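So the sequences go chain by chain: A and B.
Numbers 8 to 461, taken from our numbering, label the letters of the first sequence in order.
Numbers 2 to 91, taken from our numbering, label the letters of the second sequence in order.
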Amino acid sequence: MKRAMYFLEQKDMPTRWYNIQADLPEPLPPVLHPATGQPVGPDDLAPLFPMELIKQEVSTERWIEIPEEVQEIYRTWRPTVLHRAYRLEKALDTPAKIFYKYEGTSQAGSHKPNTAVAQAYYNMKEGIKRLTTETGAGQWGSALAMGCAFFDVELKVYMVRISYDQKPYRRILMETWGANCVPSPSPDTKAGREMLEKWPDCPGSLGLAISEAVEDAVTRDDTHYSLGSVLNHVLLHQTIIGEETRKQMEMADAYPDIIVGCIGGGSNFAGQFLPWLRDKISGEKPDLRVVCVEPESCPTMTRGIYAYDFGDTAGMTPLLKMHTLGHSFVPPPIHAGGLRYHGMAPIICHLYNLGLIEAVAAHQTSVFEAGVKFARTEGIITGPEPCHDVKVAIDEALKCKESGESKTILIAHSGHGHFDLAAYDAYLTGKLKDFALPEDDIKKAQSELPKVPG
Amino acid sequence: MESIERYDENMIRCPRVGGYVNFKFCRSENNLLPCRWVTGCWQGKIDINGFLKEHFSAPELEKIFIPPKPKLESLVELLEKAKGTAKKDE
Ligand SMILES: Cc1ncc(COP(=O)(O)O)c(C=O)c1O
């Protein structure tokens, strides 16, 4: 019998998150306070986050115990299954072995609850009664709504109004889990009121929704703010994915040659690959390849350059290291909302700069083509973001077909696409268009960056 | 000068928001200035560069296209601003 699924017993679920900061060959560069130019300290962040999460943000402890109460909630859907994609392998006629760790079986349909539950818990422990957050189409808002429901923490979600009006289903999920979801701009904050005065029918924006959520948290003692990606503590909570996968791959008597995953803010993929990367850092698995996949239309990593960001035009903000394509770079549209952020998780940028991970870009039409192939072989309707991983895994499997190598490919599959069927419809009806930024535009954008020695 | 509203009814799917939006949204979502990604999204569909030059000043365009700050830094900035708001309201 060919074994297509690897289940981990609940009693074998990992009980610690893995913190890559303990094993980085060079520490992360500090985050500087925009006003003082000094490194940001715990007190600066205390109005937004509980102390335990602030500590995790900067911790260099290798292992962080998952609190028993969080483990208990994790066990309502974890461990998630590791699949062997035999049917996809057969369709590709490849000697490669393709595995995927599927996070779409969480109640919210993605990896996001791994951190939502932990964040709700730490806030509750610190006596926080209420959280705020922002959401675009509602993926993060719904995951946090579920996390808060488990710990009796109130949640207010500022949802970009245009989505609120157009995409009722995620809003209904949030409300069913007990969150108060309001369209942003709202009359409930100063930022919202100011905008509504200027433009009563304003459809909102992600930036404004963040401003409202932060203002709400800062102006109430019982309230904190919560973020679903990018930050170190968010990536840390996601490492449960990779720690489980390590045990499951052992059951399959396999070790990945290549791990692929999409990067939006970077949380799902980091959650999968960080626990493996320690083998590469230690020299035990020097040939392990970690491939981050991003859209061709928004090549933050693949074509970005490591430069000093000049912050604002008046030169008032401190110089900070980050990936940037220059201030005139403007990525074209794609359908995977979560992959569009220009700013990437600092841990991922850092590992990329150290040459420990790679990045490739994928065209959006080819990404949905891969999604459809996956649906027709493995059955799962993949979310637009993880369709990127599937695409690159297929490419790697086809390379194996050419070379005759039987590599082991592991896909970090972050969730289903049941609320993204309009994007599939656009692909199936031929309405999706690929945009690749011409090389000249990239060069021009890069030439406009200020030149900083070093 | 042509009207700033002339492309307003054109629709596009916005990957950030995750749904369809009209051009009016794209030209004003950034605190009443255009979204930082407006040229990429609308290239090939309308004369977006001409539109921007016609309706926005050089300092406004600079403001639109500066890269976003690292997340934690931008959160601290928002937090300081919100604290200021709370004090003024007391
Ligand atoms: C299913 C899914 N995967 C991936 C992402 C990208 O985010 P991240 O890189 O933080 O995992 C998102 C973002 O909304 C998502 O919903």
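Glycine included, each C-beta is placed from N, C-alpha and C at the ideal position.
All of these numbers come straight from a predicted model, not from anything done at the bench.
Are there any heavy atoms of ligand 1 lying less than 7 angstroms away from the beta-carbon of residue 270 of chain A, as far as the coordinates show? Ligand 1 approaches residue 270 of chain A closely enough that one of its heavy atoms is under 7 angstroms from the residue's Cβ.
**Report entry** Terminal residues of the beta strand (DSSP E) in which residue 190 of chain A lies
**Finding:** It spans 187-191 - the beta strand (DSSP E) in which residue 190 of chain A sits, taken as one unbroken run.
For residue 81 of chain B, go through chain A and note every residue whose CB falls closer than 7 angstroms to its CB, in chain order.
Within chain A, the residues whose beta carbon sits less than 7 angstroms from that of residue 81 of chain B are 42, listed in sequence order.
message = Let me check you understand the geometry: is the CB of residue 273 of chain A closer than 7 angstroms to at least one non-hydrogen atom of ligand 1?
response = At least one heavy atom of ligand 1 lies less than 7 angstroms from the C-beta of residue 273 of chain A.
**Study point:** Unbroken beta strand (DSSP E) run spanning residue 268 of chain A, endpoints
**Key:** Here the beta strand (DSSP E) through residue 268 of chain A covers 265-269.
Could you check whether the Cβ of residue 282 of chain A sits closer than 7 angstroms to any heavy atom belonging to ligand 1? Flag unset: Cβ of residue 282 of chain A not near ligand 1.
Quick check: what's the CA-CA separation for residue 51 of chain A versus residue 297 of chain A?
Here the alpha carbon of residue 51 of chain A sits roughly 34 angstroms from the alpha carbon of residue 297 of chain A.
**Message:** Does any residue of chain A have a CB that is nearer than 8 angstroms to the CB of residue 61 of chain B?
**Reply:** No, its Cβ sits nowhere closer than 8 angstroms to a Cβ of chain A.
* To do: Taking residue 421 of chain A as the reference, give the member of A/401, A/70, A/162 and A/388 with the closest Cα.
  => Residue 421 of chain A has its Cα closest to that of A/388, out of A/401, A/70, A/162 and A/388.
Does residue 31 of chain B get closer than 8 angstroms to chain A when you measure Cβ to Cβ? Any Cβ of chain A closer than 8 angstroms to the Cβ of residue 31 of chain B would place that residue at the interface, and such an atom is present.
Measuring only between beta-carbons, confirm whether residue 432 of chain A sits less than 8 angstroms from chain B.
So no, residue 432 of chain A is outside the interface.
Requested in this report: Mark residue 106 of chain A as exposed unless 16 or more other C-beta atoms lie within 10 angstroms of its C-beta, in which case mark it buried.
Outcome: In this structure residue 106 of chain A is buried. Its beta-carbon is surrounded by 16 or more other beta-carbon atoms within 10 angstroms.
ask   = So is residue 181 of chain A buried or exposed if we call it buried at 16+ other beta carbons inside 10 Å?
value = It is buried - the Cβ of residue 181 of chain A has at least 16 other Cβ atoms within 10 Å.
Under 9 angstroms from the C-beta of residue 18 of chain A: neighbouring residues of chain B: Here the premise fails: no neighbours, minimum Cβ distance about 37 angstroms.
Practice task
Put residue 46 of chain A into one of helix, strand or coil per three-state DSSP.
Solution key: In the structure shown, residue 46 of chain A falls within a strand segment according to DSSP collapsed to helix, strand and coil.
Next on the checklist: Would you say the beta carbon of residue 126 of chain A is closer than 7 angstroms to some non-hydrogen atom of ligand 1?
Outcome noted: No; taking the cut-off as 7 angstroms, the Cβ of residue 126 of chain A has no heavy atom of ligand 1 nearer than that.
Can you give, in chain order, each stretch of the alpha helix (DSSP H) that sits fully within the stretch 137-195 of chain A and has at least 4 residues? Within the stretch 137-195 of chain A, complete alpha helix (DSSP H) segments of at least 4 residues are found at 146-157, 168-173 and 175-183, given in chain order.
- request: Check whether the Cβ of residue 279 of chain A sits closer than 7 angstroms to any heavy atom of ligand 1, and report yes or no.
  value: No, the beta carbon of residue 279 of chain A sits no closer than 7 angstroms to any heavy atom of ligand 1.
Helix, strand or coil for residue 20 of chain A? Go by DSSP, reduced to three states. Assigned with DSSP and collapsed to three states, residue 20 of chain A falls in coil, not helix or strand.
(Q) I'd like the list of long-range same chain contacts for residue 13 of chain A, defined as Cβ closer than 6 angstroms, with 5 residues on each side in sequence excluded. (A) So the qualifying residues of the chain are 89, 255, 258 and 259.
Worksheet entry | Delimiting residues of the alpha helix (DSSP H) encompassing residue 132 of chain A | Taken as a continuous stretch (DSSP letters only), the alpha helix (DSSP H) holding residue 132 of chain A covers 120-132.
Q.
Measuring only from the beta carbon, is residue 43 of chain B closer than 7 angstroms to any heavy atom that is part of ligand 1?
A. For ligand 1, not one heavy atom lies less than 7 angstroms from the Cβ of residue 43 of chain B.
Original post:
Around the C-beta of residue 119 of chain A, are 16 or more other C-beta atoms found within 10 angstroms, so that it is buried, or is it exposed?
Top reply: Answer is buried; the Cβ neighbour count reaches 16.
query = Tell me the DSSP bridge mates of residue 106 of chain A?
reply = According to DSSP, which records beta bridges pairwise, residue 106 of chain A is partnered with A/91 and A/417.
Exercise for review: In the DSSP assignment, find the unbroken alpha helix (DSSP H) run with residue 412 of chain A in it and report its ends.
Suggested key: In the DSSP annotation of this structure, residue 412 of chain A is not part of any alpha helix (DSSP H), being labelled neither H nor E.
| Do the stretch 427-436 of chain A and the stretch 109-118 of chain A meet, that is, are 3 or more Cβ pairs less than 8 angstroms apart? | Taking one beta carbon from each stretch, the stretch 427-436 of chain A and the stretch 109-118 of chain A have fewer than 3 pairs nearer than 8 angstroms; the two do not touch.
**Asked** So is the beta-carbon of residue 249 of chain A under 7 angstroms away from any non-hydrogen atom of ligand 1?
**Response** Flag unset: Cβ of residue 249 of chain A not near ligand 1.
- Of all Cβ atoms in chain A, is any one closer than 8 angstroms to the Cβ of residue 3 of chain B? Using a Cβ-Cβ cut-off of 8 angstroms, residue 3 of chain B does not count as an interface residue toward chain A, since no Cβ of chain A sits closer than that to its own.
Quick one: measure Cβ to Cβ for residue 369 of chain A and residue 300 of chain A, integer angstroms, because I've assumed they're closer than 8 angstroms. At roughly 6 angstroms, the Cβ-Cβ gap stays under 8 angstroms, so residue 369 of chain A and residue 300 of chain A are in contact.
TODO: Reducing DSSP to helix, strand and coil, say where residue 230 of chain A ends up.
DONE: It is a strand residue.
query = Is residue 333 of chain A helix, strand or coil by DSSP?
reply = For residue 333 of chain A, the predicted structure reports a pLDDT of 40, less than 50, and the residue's modelled location is therefore unreliable. A value from the coordinates is still provided. When DSSP states are grouped into helix, strand and coil, residue 333 of chain A belongs to the coil group.
Does residue 11 of chain B come within less than 8 angstroms of chain A when only Cβ atoms are used? Using a Cβ-Cβ cut-off of 8 angstroms, residue 11 of chain B does not count as an interface residue toward chain A, since no Cβ of chain A sits closer than that to its own.
By DSSP, does residue 73 of chain B sit in helix, in strand, or in coil?
DSSP places residue 73 of chain B in helix when its eight states are reduced to three.
*Determine the DSSP secondary structure at residue 349 of chain A, reduced to helix, strand or coil.*
With a pLDDT of 45 at residue 349 of chain A, under the threshold of 50, the modelled position of that residue is not reliable, and the figure given next carries that caveat. Residue 349 of chain A: coil per DSSP, three-state reduction.
How far does the alpha helix (DSSP H) with residue 115 of chain A in it reach, from first residue to last?
First-last for residue 115 of chain A: undefined, no H or E at that position.
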